[in-house]
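Going down the list, the protein sequences come from chains A and B. Residue 12 is where the first sequence starts when you use the working numbering, and the numbers rise one by one after that. Residue 422 is where the second sequence starts when you use the working numbering, and the numbers rise one by one after that.
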Amino acid sequence: MQFQFEKVFQYWPMILRGVQVTIQLTVVAVAIGTVIGLVTSLLRLSRFKPASLLARCYVDFIRGTPLMVQILLFYYGLPQLLGIKAFDRYFSGVVTLSINSGAYVSEIFRAGIQSIHHGQMEAARSLGMTYFQAMRYVILPQAFKRCIPPLGNEFIAMLKDSSLVSIISLQELMMTGRIIEGHYYRPFETYIVVALLYLFMTTTISQLVSYLERVFGKGDHSKETA
Amino acid sequence: MAKVIIVKKLHKNFGDLQVLRGISCHIAPREVVVVIGPSGSGKSTFLRCLNQLEPATSGEIIINGVSITDPRADINAIRQDVGMVFQRFNLFPHMTALQNVALAPIKVRKLKKAEAEELAMSLLTRVGLRDKADQYPEKLSGGQQQRVAIARALAMQPKVMLFDEPTSALDPEMVGEVLDVIKNLALEGMTMVVVSHEMGFAREVGDRVMFMDEGLIVEEGSPEQLFGSPQNPRTRAFLSKIL
Ligand SMILES: Nc1ncnc2c1ncn2[C@@H]1O[C@H](COP(=O)(O)OP(=O)(O)OP(=O)(O)O)[C@@H](O)[C@H]1O
Ligand SMILES: [Mg+2]
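Here is the structure:
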């Protein structure tokens, strides 16, 4: 059998454009997801029951349903429900991925916050700090350090899962692959190139994360002193 | 003379468990009260109620004339007047000794950073740790960590200090350095409630010793009275075990 990679590489600029869209989608989704996740984790841990219940429903719904269903529900379902015209694809992709990421990130933060010894909160409160001051200056800085590795994993997971937005024809890397495959019917060559590009991106991220871990992980000895 | 702390019929339950079962006491300015009692008798819970880290189930606590058990009380303001030192130090591990001490003055008392650091440095000097100001807690010995914790509490210029077994997590050779710091505070006239089983310390600096058992103050008196001629059989039984 004869490989015909040149047919795929003919589309190199389009492929690169797909890589760029995939990276953009992932970075924006995880960034927004981190903000959503932080707020959600604090609501979830708050003693105000309605807030923690709401946060919990959100997290459980997102984590208990497939991302592909969420994408379709948002892109096709919501406009129907609201009686409006379709959303922009890119907008839909970013929003859905962000909301999805937010739920997973909130669980990461929740675990990180809960891993900090309760004596830290008590010491801070005993000095007259408010709950939010204690969180801001004492708990979160320690929790963030412990969250770096799982946040890195979330980033990698989101990079791969972003391929699902191809279902609404958003032209990121996966969709680009499907288009090229449709032109020449060379699925092996096309998808192996796509796969290797994903692999390249995910390994780069894990390198970056272990570097960050080395830099910021220093001075996390809270387990001994807590 | 006006009392610094007045406790009236304080009760504290955890679910069905009655941990404090009606504690009443008065503590005068400059007084040093040492609390002793068996494990589980409610000593820590009592102390934690005094700055409302544990909300009281019923009863009243008045500190400097302000009822802190009143639901409308500004608890953050009250806690600034009540310093607390924990058995396990609870220093903030991501901050240097100096930053540990300066944090609350900056964020709560709104001092300028330079001012707060100057204050922190003078307090670290007072506890003998001027040269450790830039160290992180993990690099300090237990005794040093506890002294930083004391400096941190003093930085809020509290009117009362609470100590919950401040030396029981320490290696024996470090107990002295921490007790010395507490003794000096007593000499300077700080009002203190100290949970401690260090009898020598209690005799030397304690004005009064309280014996707690099963959520009640069973007996109290001067160290000579309580250690020398305890009246209650439970006090005697407890003292015979620890002396
Ligand atoms: N947050 C809590 N929830 C439930 N029970 C608690 C809580 N804190 C303390 N208790 C219980 O209250 C009782 C008294 O505890 P406390 O820590 O006040 O005793 P203590 O006199 O300080 O003992 P020790 O000498 O061991 O420190 C114990 O039975 C303990 O298990
Ligand atoms: Mg205790």
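Ideal Cβ placement from N, Cα and C applies to all residues, glycine included. These numbers come from a predicted model, not from an experiment.
- Note that the C-beta distance between ASN521 (chain B) and LEU532 (chain B) is not below 7 Å.
- Residue contact with chain B for LEU138 (chain A): present (Cβ-Cβ distance below 7 Å to some residue of chain B).
- Screening all residues for a C-beta within a distance smaller than 5 Å of any heavy atom in ligand 1 leaves B:PHE435, B:VAL440, B:SER460, B:GLY461, B:SER462, B:GLY463, B:LYS464, B:SER465 and B:THR466, in chain order.
- Within chain A, the residues placing a beta-carbon under 8 Å from that of LYS528 (chain B) are MET140, GLN144 and TYR148, ordered along the chain.
- The straight-line gap separating the alpha-carbon atoms of GLN125 (chain A) and GLY163 (chain A) is approximately 19 Å.
- Taking 7 Å as the threshold, the shortest C-beta distance from GLU133 (chain A) to chain B falls below it.
- With distances taken between CA atoms, ARG568 (chain B) lies nearest to B:ALA518 out of B:GLU594, B:ALA623 and B:ALA518.
- When the beta-carbon positions are compared, ALA525 (chain B) and GLU538 (chain B) stay at least 7 Å from each other.
- Using a Cβ-Cβ cut-off of 7 Å, PRO152 (chain A) counts as an interface residue toward chain B, since at least one Cβ of chain B sits closer than that to its own.
- Runs of the beta strand (DSSP E) lying entirely within the segment 34-112 of chain A, each at least 3 residues long, are absent.
- Cβ contact annotation for ARG624 (chain B) (same chain, cutoff 8 Å, sequence separation greater than five): PRO644, GLU645 and PHE648, in chain order.
- Under DSSP, ILE499 (chain B) shares a beta bridge with no residue.
- For a Cβ distance threshold of 9 Å, nothing in chain A lies close to ALA572 (chain B): the least Cβ distance comes to about 12 Å.
- Approximately 15 Å separates the beta-carbon atoms of VAL70 (chain A) and THR45 (chain A); this is outside 8 Å, ruling out the contact.
- Along the segment 502-515 of chain B, the positions whose C-beta sits under 8 Å from a C-beta of chain A are VAL503, GLY504, MET505, PHE507, ARG509, PHE510, ASN511, LEU512, PHE513, PRO514 and HIS515, read in chain order.
- Within the DSSP secondary-structure output, GLY504 (chain B) pairs in a beta bridge with B:MET582.
- In chain order, GLN131 and ALA135 place their CB closer than 6 Å to the CB of VAL149 (chain A), counting only its own chain and leaving out the 5 sequence neighbours on each side.
- For VAL506 (chain B), the closest alpha carbon among the candidates B:VAL630, B:LEU600, B:GLY621 and B:PHE632 is that of B:LEU600.
- If you compare the alpha carbons of A:LEU181, A:THR33 and A:GLN13 with that of MET212 (chain A), the shortest gap goes to A:THR33.
- Beta-bridge annotation (DSSP): GLY627 (chain B) is not paired with any residue.
- In the three-state reduction of the DSSP assignment, PHE199 (chain A) falls in the helix class, which pools H, G and I.
- Residues of the same chain with a CB within less than 7 Å of the CB of ASN111 (chain A), apart from the 5 flanking positions on each side, are ILE73, LEU78 and GLN81 in chain order.
- Taking all protein chains in view, the Cβ of VAL454 (chain B) is crowded by 16 or more other Cβ atoms within 10 Å, so the residue is classified as buried.
- Closer than 7 Å to the CB of ASN472 (chain B) there is at least one CB belonging to chain A.
- Judged by DSSP secondary structure, LYS171 (chain A) falls within the alpha helix (DSSP H) whose first and last residues are 151-172.
- Taking C-beta atoms under 8 Å as the contact rule, VAL503 (chain B) and VAL581 (chain B) qualify, at a distance of about 5 Å.
- For ALA525 (chain B), the C-beta contacts it makes with chain A under 7 Å involve LEU138, GLY139 and MET140, in order along the chain.
- The closest CA to that of TYR209 (chain A), considering only A:ALA40, A:MET169 and A:GLY193, is found on A:MET169.
- If the five residues before and after LEU544 (chain B) are omitted, its C-beta is found closer than 7 Å to the C-beta atoms of VAL522, ALA572, LEU575 and ALA576, all from its own chain and listed in chain order.
- For PHE143 (chain A), the enclosing alpha helix (DSSP H) stretches over residues 142-145.
- Annotation for HIS129 (chain A): no beta strand (DSSP E) segment contains it, though the alpha helix (DSSP H) segment containing it runs 129-137.
- Nearest in C-alpha terms to ASP491 (chain B), of all of B:ILE482, B:ASN497 and B:ALA498, is B:ILE482.
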